[in-house]
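Colleague: Residue numbers (the numbering used here), protein chains in the order written: chain A, 1 to 326; chain B, 1 to 443; chain C, 1 to 288. C-beta: ideal position from N, C-alpha, C; glycine also.
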Amino acid sequence: MPSPAHPQTSPGVEVADITVNSLPARDVKAPRRIGRRASLAIGAYGLLLPSLVGLALFTYAPVAQVVWDSVHARRAPGTAPSFAGLANYHAILADAAFRKAAINNLYYALGTIIPSLVIALGLALALARSDRINNLLRAAFFMPVLVPLVAAASLFLFIFLPNVGLIDFYIGRFLAQPPNWLGDPDVALYSIMVLTVWKNAGYYMLFFLAGLQAVPDEAYEVAYLEGATSWQRLWHVTLPYLQPTTGFVTVIALINVVTQVDHVFVLTKGGPSDSTNLLLFYVYQQAVESYDIGKAAAGTLVSLAVLVGVTAVSLGTLERAFGGRP
Amino acid sequence: MPLSRRTFLAALAAAGVVTSAPSRAQPSTEIELFFPVPVDGQLARDMTSMIKEFSDTHPGIKATAVFTGSYDETLIKTRAAMKAGKPPAAVIMSANFVLDLKIENELTNLDALIKADGLTNDKFMNQFFPALHANAVIDRSVYAVPFHNSTPLLYVNADHFKEAGLDPDKLPQTWDELTAAAIKLTKREGDKVTRWGLMIPSNYDYLGWMMSALTMCNGGRYYNEEFGGEVYYDTPTMLGALTFWNELIGKHKVHPAGEQKGPAVSTAFLSGNTSMMLLSTGSLTHVRTNAKFPYKVAFVPKNVRNAVPIGGASLIIPAGVDGERQKAAWVLIKWMTSPDKNGWWSRATGYFAPNIAAYEAPEMKEFLGKNPDAKVGVDQLSVAKPWFATYKTVPVRKALEDEVQAVLAGKKQPKEALVAAQKAADEILKPYVDQTALKLPGM
Amino acid sequence: MTPSRRHSTLPLATRREIVPRIGYGLVLVAAVLWLVPILWMLVASVRPQSFGGPGMASLIPDAQPTSRNFIDAWEAADFPRYYLNSAIIVAGILAVQLVTITLAGYAFARVAFPGRQWLFYVFLLQLMLVPVVLIVPNLSMVARIGLYDTLLGVMAPYFASAFGTFLMRQAFASIPRELEDAALVDGASVLQRIRHIYVPLALPAFLAFAVVSVTAHWNEFLWPLMVINSPDKRPLTVGLAAFTRGQEGAQSWGVIAAGTLLVIAPLLLLFLLFQRRFINSFVTSGIK
Chain A
1 MPSPAHPQTS PGVEVADITV NSLPARDVKA PRRIGRRASL AIGAYGLLLP
51 SLVGLALFTY APVAQVVWDS VHARRAPGTA PSFAGLANYH AILADAAFRK
101 AAINNLYYAL GTIIPSLVIA LGLALALARS DRINNLLRAA FFMPVLVPLV
151 AAASLFLFIF LPNVGLIDFY IGRFLAQPPN WLGDPDVALY SIMVLTVWKN
201 AGYYMLFFLA GLQAVPDEAY EVAYLEGATS WQRLWHVTLP YLQPTTGFVT
251 VIALINVVTQ VDHVFVLTKG GPSDSTNLLL FYVYQQAVES YDIGKAAAGT
301 LVSLAVLVGV TAVSLGTLER AFGGRP
Chain B
1 MPLSRRTFLA ALAAAGVVTS APSRAQPSTE IELFFPVPVD GQLARDMTSM
51 IKEFSDTHPG IKATAVFTGS YDETLIKTRA AMKAGKPPAA VIMSANFVLD
101 LKIENELTNL DALIKADGLT NDKFMNQFFP ALHANAVIDR SVYAVPFHNS
151 TPLLYVNADH FKEAGLDPDK LPQTWDELTA AAIKLTKREG DKVTRWGLMI
201 PSNYDYLGWM MSALTMCNGG RYYNEEFGGE VYYDTPTMLG ALTFWNELIG
251 KHKVHPAGEQ KGPAVSTAFL SGNTSMMLLS TGSLTHVRTN AKFPYKVAFV
301 PKNVRNAVPI GGASLIIPAG VDGERQKAAW VLIKWMTSPD KNGWWSRATG
351 YFAPNIAAYE APEMKEFLGK NPDAKVGVDQ LSVAKPWFAT YKTVPVRKAL
401 EDEVQAVLAG KKQPKEALVA AQKAADEILK PYVDQTALKL PGM
Chain C
1 MTPSRRHSTL PLATRREIVP RIGYGLVLVA AVLWLVPILW MLVASVRPQS
51 FGGPGMASLI PDAQPTSRNF IDAWEAADFP RYYLNSAIIV AGILAVQLVT
101 ITLAGYAFAR VAFPGRQWLF YVFLLQLMLV PVVLIVPNLS MVARIGLYDT
151 LLGVMAPYFA SAFGTFLMRQ AFASIPRELE DAALVDGASV LQRIRHIYVP
201 LALPAFLAFA VVSVTAHWNE FLWPLMVINS PDKRPLTVGL AAFTRGQEGA
251 QSWGVIAAGT LLVIAPLLLL FLLFQRRFIN SFVTSGIK
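Shown next, in the form of structure tokens:
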């Protein structure tokens with residue numbers, strides 16, 4: 001059975017076959033190689049055209065703008081930008097706030113991706129069977145996804161409110177002096193992580209649920225008959241079949257970690273003392289508060305580079321780790 | 001087979017087109033006003049009805065009120081719209097962004113419009129309280145018209161005062177009295193504080209304002225009102241203010257540690273969790289509506305003198321708005337800042353009416369009679385000073401706030417924090433200073 | 001055509017064992033924790049003291065619930081109109097996305113064209129750009145096409161979806177090629193093969209995507225705020241923000257809770273009604 005992990009290694013069927021087969025026999029020989037590759041490309045790009053148009057207008061054009069902005073800077077306040085080479089990049093790397101944001105983002109990534117994925121996978125495994133209770137439970141975990149971040153942040157502002165808020169109301173009485181959840185620089189980032197995990201775990205669970213359906217029963221039966229324990233079945237059967245899903249969810253989680261900053265925006269604005277500043281919130285600050293478009297653009301490209309790099313690495317690693325299936 | 005994509009898109013386009021181009025009988029200038037929500041969601045509705053009234057009473061101008069989120073979001077939207085070639089005709093902008101916008105050449109100079117009305121700049125501005133002039137007039141040109149303003153105020157829970165043996169009619173007027181009162185009002189159960197004596201907000205933006213207030217009460221200035229390139233962080237006056245605040249937390253333990261957000265402070269006050277708070281007059285209506293206990297307000301206590309910064313918003317016309325639209329925008333601005341409308345908005349929101357004549361109106365006098373707490377705020381205007389506005393106001397302010405937040409969280413000492421803040425701020429101001437004060441002949 | 005799912009007790013029993021009883025208990029506790037914020041919102045929305053009195057955080061409903069908060073929230077904005085706008089935006093975006101992601105997903109999963117891997121990462125770029133950086137260029141583009149202050153302008157940047165393409169690529173890749181080969185022998189064209197083989201088999205993925213897309217665009221705030229000026233074209237989130245953006249320290253928690261409920265109510269209803277169908281369909285259509 002072809003492995004979902006390596007779609008490109010199977011020869012597969014190609015779009016051009018029909019066109020080629022309908023050519024008269026004597027013309028098939030010479031143009032076949034060139035014609036085939038070209039028609040493949042044309043066919044593929046035809047399918048991709050609608051997406052490419054949309055992306056060109058609203059993604060690539062802005063990216064071009066961002067690249068242009070990142071190598072221009074304003075010499076003096078109130079003047080037009082002029083070419084500045086890599087000056088913006090030097091400036092942000094030298095900026096302590098940027099470095100702090102980068103480190104925060106790293107902690108934030110580790111502190112949200114791992115718990116979210118583990119919880120999501122665990123929940124999907126536990127709730128894989130569809131009965132009434134499980135359906136209700138799935139709905140419970142998915143609910144946070146339905147709440148707009150604007151409102152979720154207000155909700156959590158109340159939850160974290162000192163003394164009167166939900167946490168302090170119920171748990172605060174047991175603590176000597178409950179920490180200032182969003183106001184203590186040592187604690188604030190963890191509070192933000194909690195909000196993120198709450199919001200995203202159910203979302204990732206959905207994808208794992210979908211992916212779990214792809215695991216064929218026969219594989220489990222075989223493993224069971226061979227005497228594998230539940231953990232072994234998990235490791236050797238379930239996880240390999242989940243590789244495409246895990247790859248997908250990991251990439252999405254990584255991207256979210258870097259690009260979802262709305263809650264920081266509403267709850268802490270990067271504070272206190274920059275302790276919850278994240279890369280793209282830093283970019284926002286440069287763009288809006290500092291009105292330094294050059295630095296904002298440079299920051300965006302740096303984050304972009306990091307994301308693309310990490311995505312490529314993680315997809316590759318996952319494919320290698322779990323790609324080989326029975 | 002469901003609708004083909006093309007049909008669907010066409011239908012959507014029709015929906016978009018139909019709702020965006022209402023048919024109109026007579027030609028009129030269409031202008032839009034971008035406004036952020038100042039205090040309470042209900043005010044968005046008030047603003048919409050006010051603008052509708054304007055359109056109804058001014059045939060030939062159709063004004064639309066466009067809600068644009070927070071002050072930050074309003075700034076983003078205004079700038080994005082300008083870049084896209086569709087600047088709004090008028091915007092309600094935070095009063096301390098005006099200098100920044102002017103330096104970036106994003107404002108229309110209002111001098112010509114004032115002159116066309118037959119007035120001089122001074123005559124025009126004199127209808128507004130003096131404290132508001134500095135944030136509206138730059139290099140002797142008028143760039144903004146004050147719309148609504150606020151100052152910090154001391155709010156006090158009268159019941160708690162009586163309970164602690166203090167006289168609610170003799171509110172603290174100096175830092176000494178404030179500290180003494182706070183100590184008496186703080187309640188503890190063992191080591192845990194169950195009721196704080198005083199709370200002051202310290203989230204980004206509010207913190208800068210409060211530091212400004214405390215420093216001014218200590219005799220100082222936050223920044224150079226006449227030149228946007230200097231701030232005075234590492235000064236004895238600010239050091240005294242920060243040390244005072246720090247001691248309330250660490251030494252007297254009457255104020256909670258760490259950053260306190262505005263909503264946290266007001267909620268704590270209303271729920272009886274703190275006996276006193278320093279908060280904007282803009283929250284007065286909210287407190288009045290929701291407090292289930294008698295409360296009182298007073299000037300911000302002084303150490304050296306009574307002085308407070310103003311806050312609030314002004315009306316501006318972005319650059320690139322010309323001709324009929326500019327004229328229509330000016331008519332709107334004048335109407336909104338007239339004594340009558342200004343007074344009405346003030347009573348609805350709890351913000352001050354910047355127009356002095358608004359306080360002569362009988363409705364206003366009656367209102368102040370019924371609500372003496374509002375009168376205290378107006379009285380404090382006589383000692384109010386401009387809101388800090390510099391080149392790159394927000395980062396310069398943040399440079400201070402990050403350091404102060406570290407002090408409030410017990411991670412730094414006041415002096416080292418202010419030295420670091422000054423250094424960071426000077427670095428941010430350098431490009432501007434190099435272009436102005438340090439740009440000398442022969443360089 | 002669809003091989004039936006093997007119904008044996010063995011797989012289900014083995015699946016149960018992966019998560020022993022203690023694990024299931026943990027899940028129940030976790031579910032309760034997860035729901036606490038929403039529970040609070042429900043309780044707070046009918047609580048009389050909307051400003052935050054001492055009992056504000058209590059999860060126990062008050063003796064005399066009030067509908068005041070809902071009335072305040074409802075009156076503050078033209079909710080029916082906003083619902084309609086949000087619905088149009090969400091439906092319009094999804095309709096176009098379903099087409100673009102299917103075509104593009106197929107291309108990436110099944111067509112070995114030159115530059116495929118590289119182009120895939122280029123696609124993913126869309127996911128990695130944060131809105132604030134895109135706002136100014138996108139707004140200029142939207143204005144240039146003449147869609148400023150229209151609902152279509154809000155929808156346009158999302159017609160191409162890298163997320164959906166990525167999801168479809170993964171989903172299509174796991175469909176056995178034999179099925180397509182069979183259809184090819186019968187002379188089916190690309191579009192026919194996509195429509196008759198891939199789409200039905202990838203239904204769970206489509207449904208998952210639909211859920212994600214609808215939710216994301218129903219709840220989107222910043223971009224519609226930028227594009228739309230006319231009050232009658234505002235979506236729900238912008239209307240809601242009018243409450244939640246208390247500037248100088250005042251928050252009416254009860255009204256915020258009520259307003260939030262009004263915004264998410266349709267989504268919640270749809271989800272509760274259809275989630276069984278949605279997620280069940282994952283199960284029943286799993287022939288892989």
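1. Is it the case that the Cβ atoms of S273/A and A201/A are separated by a distance below 8 angstroms?
2. Report the CB separation of A532/B from A313/B in whole angstroms; it is logged as a contact under 8 angstroms.
3. According to DSSP, is I60/C part of a helix, a strand, or is it coil?
4. Under 8 angstroms by Cβ, that's how I've got P62/A and N138/C pegged, so tell me the actual separation to the nearest angstrom.
5. Are any of the Cβ atoms in chain B nearer than 8 angstroms to that of P144/A?
6. Is it true that the CB of L284/B sits closer than 8 angstroms to the CB of F129/B?
7. Apart from the five residues just before and just after A109/C, which ones in its own chain have a Cβ nearer than 6 angstroms to its Cβ?
8. Among the candidates F248/A, T259/A, V266/A, whose CA atom is the shortest distance from the CA of A241/C?
9. Run the CB neighbour count on R221/B, radius 10 Å, all protein chains shown included, and call it buried at 16 or more, exposed below.
10. In whole angstroms, what is the alpha-carbon distance linking F142/A and T150/C?
11. Kindly list the residues whose CB is nearer than 8 angstroms to the CB of V39/B, restricted to its own chain and excluding five residues on each side of it in sequence; keep chain order.
12. Following the continuous alpha helix (DSSP H) through T237/B, name the residue where it begins and the one where it ends.
13. Are L400/B and L278/B close, meaning C-beta to C-beta below 8 angstroms?
14. With 8 angstroms as the threshold, decide whether the Cβ of Y291/A is near any Cβ in chain B.
15. Just the C-alpha distance for A134/B and L315/B, rounded to the nearest angstrom, thanks.
16. In chain order, what are the residue ranges of uninterrupted alpha helix (DSSP H) at least 4 long that sit wholly in the region 126–184 of chain B?
17. List, in order along the chain, the chain A residues whose C-beta lies closer than 7 angstroms to that of A264/B?
18. Going by DSSP, what residue range makes up the beta strand (DSSP E) through F67/B?
19. Could you please tell me which residues of the region 202–235 of chain C, in chain order, have their CB closer than 9 angstroms to any CB of chain B?
20. I'd like to check one pair, S202/B with L408/B: are the Cβ atoms closer than 8 angstroms?
21. On the CB-based measure, 16 or more other CB atoms within 10 Å of its CB, does N126/B come out buried or exposed?
22. DSSP three-state label for Y104/B, please.
23. Excluding the five sequence neighbours on either side, which residues of its own chain have a C-beta within less than 6 angstroms of the C-beta of L315/A, listed in chain order?
24. With DSSP run on the structure shown, which of helix, strand or coil describes W293/B?
25. Taking only beta-carbon positions, decide if G258/B is within less than 8 angstroms of chain A.
26. How about M128/C and L57/A: are their beta carbons less than 8 angstroms apart?
27. Which residues in the same chain as E248/C place their Cβ atom closer than 7 angstroms to its Cβ, once the five residues preceding and following it in sequence are excluded?
28. Going by Cα to Cα distance, which pick from L278/A, E289/A, L121/A, A120/A is closest to A109/A?
29. Tell me which residues of the region 88–111 of chain C have at least one Cβ-Cβ distance to chain B shorter than 8 angstroms, keeping chain order.
30. Can at least three beta-carbon pairs, one atom from the region 63–71 of chain A and one from the region 291–306 of chain A, be found at a separation below 8 angstroms?
31. So does the region 150–163 of chain C actually touch the region 82–99 of chain C, counting three or more Cβ pairs closer than 8 angstroms?
32. Out of Q326/B, T393/B, S271/B, state which residue places its alpha-carbon closest to the alpha-carbon of T29/B.
33. Would you decide whether V185/C is buried or exposed? Buried here means 16 or more other CB atoms lie within 10 Å of its CB.
34. Under 8 angstroms between C-beta atoms, does V378/B make it to chain C?
35. When you compare each of L161/A, G85/A, W235/A to A188/A by their alpha carbons, which one comes out closest?
36. Answer yes or no: does any C-beta atom of chain B fall closer than 8 angstroms to that of P81/A?
Modeller: Looking at the coordinates:
1. No Cβ-Cβ contact shorter than 8 angstroms links S273/A with A201/A.
2. Since the displayed chain B opens at 1 and closes at 443, residue 532/B lies outside it and no answer follows.
3. DSSP places I60/C in the coil class of the three-state scheme, outside both helix and strand.
4. Right, the Cβ-Cβ distance comes to about 6 angstroms (below 8 angstroms), so this counts as a contact.
5. At a cut-off of 8 angstroms between C-beta atoms, P144/A does not count as an interface residue with respect to chain B.
6. L284/B sits away from F129/B, with the two beta carbons spaced by 8 angstroms or more.
7. So the list reads R169, F172, A173, once near-sequence residues are dropped.
8. Comparing Cα positions, the closest option is V266/A.
9. By the beta-carbon neighbour count (other beta carbons within 10 angstroms, threshold 16), R221/B is buried.
10. Within the model, the alpha-carbon separation for F142/A versus T150/C is close to 32 angstroms.
11. Low per-residue confidence applies at V39/B: pLDDT is 46, beneath 50, and the placement is therefore not dependable, though the value from the model is reported in the following sentence. The residues are G282, S283, T285, H286, T349, G350, Y351.
12. From DSSP, the alpha helix (DSSP H) with T237/B extends over 236–250.
13. Here L400/B is not near L278/B, since their CB atoms are 8 angstroms or more apart.
14. Residue-level contact by beta carbon holds for Y291/A and chain B, with a gap shorter than 8 angstroms.
15. Taking the Cα positions, A134/B is about 15 angstroms away from L315/B.
16. Within the region 126–184 of chain B, complete alpha helix (DSSP H) segments of at least 4 residues are found at 158–163, given in chain order.
17. Here the neighbours are L161, P162.
18. F67/B -> beta strand (DSSP E) spans 61–67.
19. Listed by position, the residues of the region 202–235 of chain C near chain B (Cβ gap below 9 angstroms) are F221, L222, L225, M226, I228, N229, S230, P231, D232, K233, R234.
20. Yes, these two residues count as a Cβ contact at 8 angstroms.
21. Classification of N126/B: exposed, given that the 10 Å Cβ count is below 16.
22. Reading off the sequence, residue 104/B comes out as Glu, not Tyr. Of the three classes helix, strand and coil, the one that applies to E104/B here is coil, per DSSP.
23. When the five nearest sequence neighbours on each side are left out, the beta carbons in the same chain lying within less than 6 angstroms of the beta carbon of L315/A are those of G247, in order along the chain.
24. The sequence shown places Phe at residue 293/B, rather than the Trp named in the question. DSSP places F293/B in coil when its eight states are reduced to three.
25. G258/B counts as touching chain A.
26. It is not a contact, given that the beta carbons lie outside the stated cut-off.
27. At E248/C, the pLDDT of 40 sits below 50, so the modelled position is not reliable and the matter cannot be decided from this model.
28. It is L278/A whose Cα lies nearest to the Cα of A109/A.
29. Those residues of the region 88–111 of chain C that come within reach of chain B (Cβ to Cβ, closer than 8 angstroms) are I88, G92, A95, V96, V99.
30. Flag = yes, the region 63–71 of chain A and the region 291–306 of chain A touch.
31. Here the region 150–163 of chain C makes contact with the region 82–99 of chain C; the two share three or more CB pairs at distances below 8 angstroms.
32. Closest in alpha carbon position to T29/B, among Q326/B, T393/B, S271/B, is Q326/B.
33. Counting Cβ neighbours within 10 Å, V185/C comes out exposed, since fewer than 16 surround it.
34. At a cut-off of 8 angstroms between C-beta atoms, V378/B does not count as an interface residue with respect to chain C.
35. When only C-alpha atoms are compared, the closest one is L161/A.
36. Judged by the 8 angstroms Cβ criterion, P81/A is not in contact with chain B.
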